[in-house]
Amino acid sequence: MAWLVATRATCPRRAVGCVLVDEHNHVMATGYNGVPRGFPHCIDTPCPGASHLTGQGLDACLATHAEQNALLQCSNVEAIHTVYCTTSPCIHCIKLLLNTGAQALYVSSTYSDPRPLAMWKPRLWIEIPKENL
Numbered sequence: 033m034a035w036l037v038a039t040r041a042t043c044p045r046r047a048v049g050c051v052l053v054d055e056h057n058h059v060m061a062t063g064y065n066g067v068p069r070g071f072p073h074c075i076d077t078p079c080p081g082a083s084h085l086t087g088q089g090l091d092a093c094l095a096t097h098a099e100q101n102a103l104l105q106c107s108n109v110e111a112i113h114t115v116y117c118t119t120s121p122c123i124h125c126i127k128l129l130l131n132t133g134a135q136a137l138y139v140s141s142t143y144s145d146p147r148p149l150a151m152w153k154p155r156l157w158i159e160i161p162k163e164n165l
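The sequence shown begins at 33 in my numbering and counts up one residue at a time.
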């Protein structure tokens, strides 16, 4: 489902999807990366960060991350049990997720920065490559 949500992303650098579920695996919220409300989509009009390599120029990028958008849509962050992301969260998103009830994080690929994984421990972090889904 996270990969399906990622198809809605409007960032040309990387399409990311996030799904938040409760302890019964009921979907609480979804999110994908894209510019804030009212801004032109980067796939139509590239933002200043669109030409940077992955992991670089993040301050120039206008996209709100998939995890951030999912959290904005979630009515009860304490009830989040599991997070599914197509790409592991960045350092800023992992800090936001640590302030929820989430206990498990499933990702399909690992982001270049190792700090989020280190911060998430001792919670459950499971990597499942897309080809194994």
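Using N, Cα and C, we set each Cβ at its ideal position, and we do this for glycine too.
- Item | CB of Arg18 within 8 Å of CB of Thr119, strictly | No information on residue 18 is available, as it lies outside the stretch 33 to 165 that the chain covers here.
- Task: Under the assumption that Tyr138 contacts Met33 (Cβ atoms under 8 Å), give the Cβ distance between them as a whole number of angstroms.
- Result: Counting from 1 along the sequence shown, the entry for residue 138 is found at position 106. Counting from 1 along the sequence shown, the entry for residue 33 is found at position 1. Incorrect: roughly 11 Å between the Cβ atoms, too far for contact.
- Query: So the alpha helix (DSSP H) Met151 belongs to, where does it begin and stop?
  - Reply: Here residue 151 corresponds to residue number 119 of the sequence shown, with the count starting at 1. Note, Met151: alpha helix (DSSP H), 147-152.
- Message: For Gln88, count the other beta carbons within 10 Å of its own beta carbon; 16 or more makes it buried, fewer makes it exposed. Which is it?
- Response: One-based indexing of the sequence shown puts residue 88 at position 56. Answer is exposed; the Cβ neighbour count stays below 16.
- Rounded separation between Ile75 and Tyr143 - CA only: For the purposes of this step, residue 75 is taken as residue 43 along the sequence shown, with counting starting at 1. For the purposes of this step, residue 143 is taken as residue 111 along the sequence shown, with counting starting at 1. Rounded to whole angstroms, Ile75 to Tyr143 spans 22 Å at the Cα level.
- Task: Compare the C-alpha of Asp145 against each of Leu128, Ala136, Ile123 and name the closest.
- Result: On the sequence shown, residue 145 is found 113 positions in, with the first residue counted as 1. That would be Ile123, whose Cα lies nearest to the Cα of Asp145.
- Task: Determine which residues share a DSSP beta bridge with Ala47 and list them.
- Result: For the purposes of this step, residue 47 is taken as residue 15 along the sequence shown, with counting starting at 1. The partner list for Ala47 (beta bridge, DSSP) is empty, contrary to what the question assumes.
- Beta-carbon gap between Cys50 and Val37 smaller than 8 Å: Taking the sequence shown and counting its residues from 1, one reaches residue 50 at position 18. Taking the sequence shown and counting its residues from 1, one reaches residue 37 at position 5. Result yes, Cβ atoms of Cys50 and Val37 sit closer than 8 Å.
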